[in-house]
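Participant: Could you have a look at this structure, given as structure tokens, before my questions?
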Amino acid sequence: MSTLVIAEHDNGSLKGATLNAVTAAQALGADVDVLVAGADCGAAAEAAAKVAGVSRVLVADNAAYGHQLAENVSLLIADVGAAYDNIVAPATSNGKNTMPRVAALLDVAQISDIISVEAADTFKRPVYAGNVIATVKSSDSKKVVTVRTTAFDAAAAEGGSATVEAVDAVHDAGISAFVSEEVAESDRPELTAAPVVVSGGRGMQNGENFKLLDGIADKLGAAIGASRAAVDAGFVPNDMQVGQTGKIVAPDLYIAVGISGAIQHLAGMKDSKVIVAINKDEDAPIFQVADYGLVADLFEALPELEAKI
Amino acid sequence: MKVLVAVKRVVDYNVKVRAKADGSDVDLNNVKMSINPFCEIAVEEAVRLKEAGTATEVIAVSIGDKACQEQIRTALALGADRGIQVETEGSVEPLVVAKLLKGVVEKEQPQLVILGKQSIDGDNNQTGQMLGALTNMPQGTFASEIAVDGDKLSVTREVDGGLQTLSLNMPAIVTSDLRLNEPRYASLPNIMKAKKKPLDVYSPADLGVEVTTHLTQVSVEPPAERQAGIKVESVDELVDKLKNEAKVI
């Protein structure tokens, strides 16, 4: 038995989501190798080799993989993955984009967004926006799995000493090209990995008011998130969205400000350890999941909170 | 340019679905069924392409039992020209749905296939990508903006870091994210007209596809419930609780 983990990285560094995927892969009970596909991705591969519990790191370093185009990377993964029993990737936007293509190329099902490994062929995963947890069993000889990163601890980033081997296969489907990207620059921690998240909703009223969250986030070392309503209204960009179809977060502390608590939002944050809700509507559903609720006008509460923490 | 758009019949997004007490399956007795919200966005985008003169025909396809014709009619009322139902029984896995859609793609030869990025029942987020692999078409998943430029398709995608724009050779596949557009409401005259639009029915055998099962649902259960906590009276009390009780700041 052997398992191949698909690394999430930006060529220069390994993303934390890879570490959660390694832990999930280890639960399958087989040797764990990591595939780093990218362009000039040597640094990411070196980081992957240090992850505890990894046997081998396979590096496919080619311009064709530089922007993680699904058409190219899926061909590579299906090729390299042919020798493995399990192929595991974090359910990041890259993983979600590429892995179903891999599964289809291998003519097997994909098991999406697993939250636990019950046995080598049996997994738990949320369905219906997390209102139901399904246990599913795969009859495929090869399992293609994406992992909800918040459900698995991160493997230790240091302590491993995997061998690093180059993969020479070049798969360039030649049917898609990267044009541009708009990546939000921020000094704050990544939303999905931050120990504290402060999120604003429609109650923030406009994008300018999101600055009220900055001071609190600075003091707590928090990332700033948003509800779908706030993103749809154009207050903040899409990469801040927390929820069923946005990012799934599970920080130690989640502070929801001016968020009513639609079921789709709760699906993205209800596994947080401690939830605080600040909302002027005392009947808002967010209070049903909050450990500490404060019924207050956020424009008064936020400056006071910033001053007192 | 022909556009194929896939629609799925799912539990209405306002329904809170629960596991049956015996854990055998979810309880879907007498619940309202609707077109999957992401599929509705896909239909809207296809119809807008037709209204802009970019698309010449919009075909709505659904995989399922006869009841899914209701969702095909919804797509027709929103502006699709004709419908295709591929008749299947019970739940069909995304890989099989993708194979059936591939069969429809081979029959219809669309330049563009638009699907929702995921359905709100299974939350799998697989079908569009699988169809891409099976047909060797490029994909623009989680799309927030698309533009046809000759034989290329420009797709702006919502990704973890922000937005990414790709250029795809056509024929291509797009899966819609929430902000691709805001779907219209079907007018009553259009709902009436939709009833007269053509709707073909195929069997999987007609498309040369065998319906296989790769996954078995062993059981379902409710998620761990969170207990509602307490209401605090003031910011001071909140800060005190976070520092001294929860010890998270």
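Chains as they are written, first to last, in the numbering used here: chain A, 4 to 312; chain B, 199 to 447. Glycine residues also receive a C-beta, built at the ideal position from the N, C-alpha and C atoms.
1. At a CB-CB cut-off below 8 Å, which residues of chain B make contact with P240/A?
2. For D347/B, report the span of its beta strand (DSSP E) as first-last.
3. Out of curiosity, what's the CA-to-CA distance linking N100/A and D438/B?
4. Are the beta-carbon atoms belonging to A259/A and G204/A less than 9 Å from one another?
5. Closer than 8 Å is the cut-off here; do at least three beta carbon pairs connect the region 15 to 32 of chain A with the region 54 to 69 of chain A?
6. Quick check on the DSSP output: the beta strand (DSSP E) that includes R280/B runs from which residue to which?
7. Cβ closer than 9 Å: which chain B residues qualify as neighbours of F290/A?
8. Give the straight-line distance between the Cα atoms of D82/A and A63/A, rounded to the nearest whole angstrom.
9. Pull out every residue of the region 60 to 94 of chain A whose Cβ sits closer than 7 Å to any Cβ of chain B, in chain order.
10. Can a CB atom of chain B be found closer than 9 Å to the CB of V245/A?
11. For T125/A and chain B, any beta-carbon pair shorter than 9 Å?
12. What does DSSP give as the partner residues of R128/A in its beta bridges?
13. Are the region 270 to 283 of chain B and the region 371 to 390 of chain B touching, with three or more C-beta to C-beta distances below 8 Å?
14. Alpha carbon to alpha carbon, how far is K395/B from A157/A?
15. Mind checking which residues open and close the alpha helix (DSSP H) that includes G264/A?
16. Measure from the alpha carbon of V201/A to the alpha carbon of each residue in E211/A, L297/A, L223/A, then state which is nearest.
17. Just to confirm my understanding: we take R231/A, look at its own chain, exclude 5 residues before and 5 after, and list those with CB closer than 8 Å. What are they?
18. Under a CB-based cut-off of 9 Å, is S142/A close to chain E?
19. Can you list the residues of chain A that V323/B reaches, using a CB-CB cut of under 7 Å?
20. Helix, strand or coil, according to DSSP, for S58/A in the structure here?
21. Please work out which residues of its chain come closer than 8 Å, Cβ to Cβ, to F135/A, disregarding the five sequence neighbours upstream and downstream, and give them in chain order.
22. Under 8 Å Cβ-Cβ, which residues of chain B neighbour N134/A?
23. Compare the Cα-Cα distances from N234/B to each of A403/B, K297/B, N442/B, I318/B and report the closest residue.
24. Please list the terminal residues of the continuous alpha helix (DSSP H) segment that includes F290/A.
25. How about V170/A and L72/A: are their beta carbons less than 9 Å apart?
26. For the pair the region 229 to 247 of chain B and the region 148 to 165 of chain A, tell me if three or more CB-CB distances fall below 8 Å.
27. Starting from D221/A and walking both ways along the alpha helix (DSSP H), at which residues does that stretch end?
28. Any idea what DSSP makes of P421/B, helix, strand or coil?
29. Counting only Cβ pairs nearer than 8 Å, list the residues of chain A close to S342/B.
30. Taking beta-carbon pairs under 8 Å, can you tell me which members of the region 294 to 323 of chain B lie near chain A?
31. Establish whether the CB of T2/A and some CB of chain B are separated by less than 9 Å.
32. For the region 325 to 333 of chain B against the region 342 to 353 of chain B, are there 3 or more C-beta pairs whose distance is under 8 Å?
33. Are there 16 or more other CB atoms within 10 angstroms of the CB of K315/B, so buried, or fewer, so exposed?
34. By the DSSP assignment, the alpha helix (DSSP H) with K438/B in it spans what residues?
35. Are the Cβ atoms of S260/B and V205/B separated by less than 9 Å?
36. With C-beta atoms as the reference, is V46/A less than 9 Å away from N97/A?
Facilitator: This is what the structure gives:
1. One-based indexing of the first sequence puts residue 240/A at position 237. Within chain B, the residues near P240/A are G360, L361.
2. By 1-based counting over the second sequence, the position of residue 347/B is 149. Per DSSP, D347/B belongs to the beta strand (DSSP E) from 337 to 347.
3. The residue you call residue 100/A lines up with position 97 of the first sequence. The residue you call residue 438/B lines up with position 240 of the second sequence. Approximately 44 Å, taken between the alpha carbons.
4. In the first sequence, counting from the first residue as 1, residue 259/A sits at position 256. In the first sequence, counting from the first residue as 1, residue 204/A sits at position 201. Against a cut-off of 9 Å, the Cβ pair of G204/A and A259/A comes out as a contact.
5. yes
6. Translated into positions along the second sequence, residue 280/B becomes position 82. Counting along the chain, the beta strand (DSSP E) containing R280/B begins and ends at 280 to 285.
7. Within the first sequence, residue 290/A is the residue found at index 287, counting from 1. A426, G427, K429, listed in chain order.
8. The count along the first sequence starts at 1 and reaches residue 82/A at position 79. The count along the first sequence starts at 1 and reaches residue 63/A at position 60. Looking at the two C-alpha atoms, the distance is approximately 12 Å.
9. A73, E74, S77
10. Here residue 245/A refers to the residue found at position 242 of the first sequence. Closer than 9 Å: no.
11. For the purposes of this step, residue 125/A is identified with residue 122 of the first sequence, where counting begins at 1. Taking Cβ atoms only, chain B reaches closer than 9 Å to T125/A, which makes this a yes.
12. On the first sequence, residue 128/A is found 125 positions in, with the first residue counted as 1. Per DSSP, A137/A.
13. yes
14. The residue given as residue 395/B occupies position 197 in the second sequence. The residue given as residue 157/A occupies position 154 in the first sequence. So the two alpha carbons sit approximately 54 Å from each other.
15. Sequence index remark: in the first sequence, residue 264/A carries index 261 (1-based). Premise fails: G264/A is in no alpha helix (DSSP H) and is neither H nor E.
16. As a working note, residue 201/A is residue 198 in the first sequence. Ranking E211/A, L297/A, L223/A by Cα distance to V201/A puts L223/A first.
17. Counting from 1 along the first sequence, the entry for residue 231/A is found at position 228. For R231/A, where only same-chain residues beyond five positions count, the Cβ hits under 8 Å are Q244, G246, T248, G249, A265, Q267, H268.
18. Of the chains in the structure shown, none is chain E; the protein chains are A and B.
19. On the second sequence, position 125 is the one that residue 323/B refers to. The sequence shown places Asn at residue 323/B, not Val. Under the 7 Å cutoff, chain A gives K99, S115.
20. Within the first sequence, numbered from 1, the residue matching residue 58/A stands at position 55. The answer is strand: DSSP assigns S58/A an E or B state.
21. In the first sequence, the residue the question calls residue 135/A occupies position 132. A small correction: the amino acid at residue 135/A is Val; Phe does not occupy that position in the sequence shown. Hits under 8 Å: P129.
22. As a working note, residue 134/A is residue 131 in the first sequence. Under the 8 Å cutoff, chain B gives K214, V215, R216, P420, P421.
23. The residue given as residue 234/B occupies position 36 in the second sequence. N234/B has its Cα closest to that of I318/B, out of A403/B, K297/B, N442/B, I318/B.
24. As a first step, residue 290/A must be located in the first sequence, where it is residue number 287. Note, F290/A: premise wrong, no alpha helix (DSSP H); not H, not E.
25. Taking the first sequence and counting its residues from 1, the one referred to as residue 170/A is at position 167. Taking the first sequence and counting its residues from 1, the one referred to as residue 72/A is at position 69. Not in contact: V170/A and L72/A (Cβ atoms no closer than 9 Å).
26. no
27. The sequence position of residue 221/A within the first sequence is 218, counting from 1. Where D221/A is concerned, the enclosing alpha helix (DSSP H) stretches over 214 to 223.
28. Looking up residue 421/B in the second sequence gives position 223. P421/B falls in the coil class under three-state DSSP.
29. Here residue 342/B is taken as the residue at index 144 of the second sequence, counted from 1. What S342/B touches in chain A: N241.
30. A296, K315, Q316, I318, D319, G320, D321, N322, N323
31. Outside the displayed range of chain A (4 to 312) lies residue 2/A, so it cannot be described from this structure.
32. no
33. Looking up residue 315/B in the second sequence gives position 117. Buried, by the Cβ-count rule.
34. Indexing the second sequence from 1 puts residue 438/B at position 240. As written in the sequence, residue 438/B is Asp, which differs from the Lys given in the question. It spans 433 to 438 - the alpha helix (DSSP H) in which D438/B sits, taken as one unbroken run.
35. Locating residue 260/B in the second sequence gives position 62, where the first residue counts as 1. Locating residue 205/B in the second sequence gives position 7, where the first residue counts as 1. Their beta carbons are under 9 Å apart, which means S260/B touches V205/B by this criterion.
36. Taking the first sequence and counting its residues from 1, one reaches residue 46/A at position 43. Taking the first sequence and counting its residues from 1, one reaches residue 97/A at position 94. Reading off the sequence, residue 46/A comes out as Ala, not Val. No; because the gap between Cβ atoms is not below 9 Å, this pair is not in contact.
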